[in-house]
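Trainee: Just dropping this structure here.
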Ligand SMILES: [Mg+2]
């Protein structure tokens with residue numbers, strides 16, 4: 065079973081994402097900010113991280129940069145979740161090491177298609 069770490073400061077978003085991912089046969093864990101997510105990845109690397117952009121304590125971008133400069137292996141795929149669809153935001157996310165991005169709010173089909181693109185569905 066593939067593992068997905070859902071990182072979002074919104075409990076509602078984590079719940080929705082968990083539900084979708086479980087229907088796609090993922091084993092799901094959750095973190096509510098980048099710091100918690102980094103600790104989780106250092107303890108045990110998930111196959112894929114679904115990552116919120118704006119969070120307290122440590123943002124998605126700061127988490128991503130820390131993850132990519134860490135020794136976490138195997139390298140988790142990262143799908144950024146954002147309400148920002150500006151090309152500059154997307155480019156910054158990709159440059160920081162994101163593999164894909166998905167716009168909020170996302171549905172099952174959209175999320176599954178992004179997971180397929182990164183080879184995880
Ligand atoms: Mg947020």
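Numbering (my numbering), first residue to last: 65 to 185. Glycine residues also receive a C-beta, built at the ideal position from the N, C-alpha and C atoms. Small disclaimer: the values here were computed from a predicted structure and weren't measured.
1. In terms of alpha-carbon separation, which member of 73, 96 and 77 lies closest to residue 172?
2. Which whole-angstrom value describes the C-beta separation of residue 179 and residue 113, a residue pair presumed to lie in contact below a C-beta threshold of 8 Å?
3. For a test of your reading of the model: does the CB of residue 119 fall under 7 Å from any non-hydrogen atom of ligand 2? Yes or no.
4. Does the contact criterion of 3 or more C-beta pairs under 8 Å hold for the segment 93 to 109 versus the segment 134 to 151?
5. Hey, would you say residue 97 sits closer than 8 Å to residue 122, going by beta carbons?
6. Could you tell me whether any non-hydrogen atom of ligand 1 is closer than 7 Å to the CB of residue 116?
7. Along the beta strand (DSSP E) that carries residue 176, what are the first and last residues, could you check?
Mentor: Once the coordinates are examined:
1. In this structure, 77 is the residue among 73, 96 and 77 with its C-alpha nearest to the C-alpha of residue 172.
2. So it is not a contact: roughly 12 Å between Cβ atoms.
3. For the structure depicted, ligand 2 is absent and the ligand set comprises only ligand 1.
4. Contact holds between the segment 93 to 109 and the segment 134 to 151, because three or more Cβ pairs, one in each stretch, are under 8 Å apart.
5. Remark: C-beta atoms of residue 97 and residue 122 approach each other more closely than 8 Å.
6. Yes, the Cβ of residue 116 comes within 7 Å of a heavy atom of ligand 1.
7. For residue 176, there is no enclosing beta strand (DSSP E); the residue is part of the alpha helix (DSSP H) that begins and ends at 172 to 181.
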